[in-house]
Amino acid sequence: MNILTSILFSLFFLGIIGIIINRLHLLSLLLCLELLLISLFLNISIWSQINNSLYSLNFSILLLTLSACEASTGLALMVSLSRSHNTDLLSNINLLQS
Numbered sequence: 005m006n007i008l009t010s011i012l013f014s015l016f017f018l019g020i021i022g023i024i025i026n027r028l029h030l031l032s033l034l035l036c037l038e039l040l041l042i043s044l045f046l047n048i049s050i051w052s053q054i055n056n057s058l059y060s061l062n063f064s065i066l067l068l069t070l071s072a073c074e075a076s077t078g079l080a081l082m083v084s085l086s087r088s089h090n091t092d093l094l095s096n097i098n099l100l101q102s
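If you read the sequence shown in my numbering, its first letter stands for residue 5, the second for the next number, and so on.
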């Protein structure tokens with residue numbers, strides 16, 4: 005395992021730790037989720053280059069596309085919730101309340 009893959013795996017685990025610790029604001033949660041998906045994309049891309057596999061390269065491009073869709077959906081959800089509840093704190097948001 006070279007230094008680049010160890011850095012990318014540490015980025016992945018840093019995103020997981022960020023999701024566990026940062027549960028105060030919705031934006032920080034979305035940023036940690038984006039860090040997870042980007043590190044997965046880079047890990048799969050490097051792995052496909054090492055193994056000369058085109059199938060996993062296609063999977064990494066699909067993962068990047070889904071990551072962009074997740075980001076736009078998450079930001080739209082954040083704008084909607086901040087307009088309706090006047091805050092982006094996750095503790096103040098109760099979805100069962102109209």
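Backbone N, C-alpha and C define an ideal beta-carbon position, used for all residues, glycine too.
Given residue i as reference, the closest of the options once Cα atoms are compared
{"i": "S32", "options": "L40, L41, G22", "result": "G22"}
{"i": "A72", "options": "L40, N47, L15", "result": "L40"}
{"i": "L37", "options": "S84, S76, T91, S88", "result": "S76"}
{"i": "F13", "options": "I50, N62, N26, F63", "result": "I50"}
{"i": "I97", "options": "N26, I24, L30, I7", "result": "L30"}
According to DSSP, residues forming a beta bridge with residue i
{"i": "L93", "result": "H29"}
Whether residue i touches residue j by CB criterion (8 angstroms)
{"i": "S52", "j": "S43", "result": "no"}
{"i": "L28", "j": "L81", "result": "no"}
{"i": "D92", "j": "S86", "result": "yes"}
{"i": "I34", "j": "G78", "result": "As written in the sequence, residue 34 is Leu, which differs from the Ile given in the question. Their beta carbons are under 8 angstroms apart, which means L34 touches G78 by this criterion."}
Contact test: residue i Cβ vs the ligand ZN heavy atom, cutoff 7 angstroms
{"i": "L40", "result": "Of ligands this structure carries none, so the ligand ZN is not represented either."}
DSSP three-state assignment for residue i, whether helix, strand or coil
{"i": "S57", "result": "coil"}
{"i": "N6", "result": "coil"}
8 angstroms contact criterion, which residue i and residue j should meet: CB distance rounded
{"i": "F45", "j": "L18", "result": "No, F45 and L18 are not in contact; Cβ-Cβ is about 15 angstroms, not under 8 angstroms."}
{"i": "I48", "j": "S64", "result": "4 angstroms"}
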